[in-house]
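Residue numbers (full-length UniProt numbering): 1 to 157.
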């Protein structure tokens with residue numbers, strides 16, 4: 001009496017994108033009844049990413065989540081470039097809860113547009129075509145969707 005039994009909770013807005021690459025424990029969520037965490041929110045994440053853009057995506061995540069750059073730089077193995085490669089890499093790991101990932105807009109935009117994407121230049125029709133094709137690849141590889149952000153509160157540049 002006075003108690004509730006639940007099979008678990010889904011945390012639909014997390015930024016565990018870095019943590020899942022170095023830890024099987026998705027804490028603190030897994031310690032508080034969460035059984036599934038969704039990453040790739042706010043348009044930030046770590047795939048797709050060319051090697052030359054690793055630091056740029058780390059800085060974006062640091063600006064959104066205040067995870068220090070040295071922690072992300074030391075922890076991320078960067079064993080992928082494409083989003084499907086990222087999903088394949090994650091599927092070989094074990095976690096103390098289920099995870100899901102969205103395709104992050106910032107990573108996709110920088111991957112296709114390079115510096116123009118980072119400067120927030122308008123995408124060309126060809127850029128949009130490439131991003132749409134990569135988004136399709138991401139969904140086919142297991143992405144739960146696509147995330148973006150319109151807030152000006154994120155320190156993203």
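We put the CB at the ideal spot given by N, CA and C, even for glycine. Fair warning: this is a prediction, and the values are worked out from it, not measured in the lab.
In the DSSP assignment, find the unbroken alpha helix (DSSP H) run with residue 83 in it and report its ends.
Counting along the chain, residue 83 sits inside the alpha helix (DSSP H) bounded by residues 83-91.
Please determine if the segment 29-43 and the segment 8-18 are in contact, where contact requires at least 3 C-beta pairs separated by less than 8 Å.
yes
Alpha carbons only, please: which of 113, 136, 137 and 138 is nearest the one belonging to residue 126?
Of 113, 136, 137 and 138, the residue nearest in Cα terms is 113.
Of the choices 118, 102 and 101, whose alpha-carbon is the least far from that of residue 109?
Nearest of 118, 102 and 101 to residue 109, Cα basis: 118.
With the cut-off set at 8 Å, would you say residue 95 and residue 76 are in Cβ contact?
no
Return helix, strand or coil for residue 122, following the three-state DSSP convention.
In this structure, residue 122 counts as coil in the three-state DSSP scheme.
Run through the DSSP bridge pairs and tell me what residue 39 is partnered with.
101
Within this structure, are the beta carbons of residue 146 and residue 103 separated by less than 8 Å?
yes
Go ahead and label residue 64 buried or exposed: buried means 16 or more other beta carbons lie within 10 angstroms of its beta carbon, across all protein chains shown.
buried
Secondary structure at residue 127, three-state DSSP: helix, strand or coil?
Assigned with DSSP and collapsed to three states, residue 127 falls in helix.
Using three-state DSSP, classify residue 11 as helix, strand or coil.
strand
Three or more C-beta pairs closer than 8 Å, one from the segment 56-75 and one from the segment 125-142: is that the case here?
no
Simplified DSSP state of residue 156, which is helix, strand or coil
Bear in mind that a pLDDT of 49 at residue 156, under 50, signals an unreliable position, so the number given afterwards is only what the model happens to contain. Coil at residue 156, not helix or strand.
Local conformation of residue 71 per DSSP, three classes:
helix
Using three-state DSSP, classify residue 23 as helix, strand or coil.
DSSP, read as helix, strand or coil, puts residue 23 in coil.
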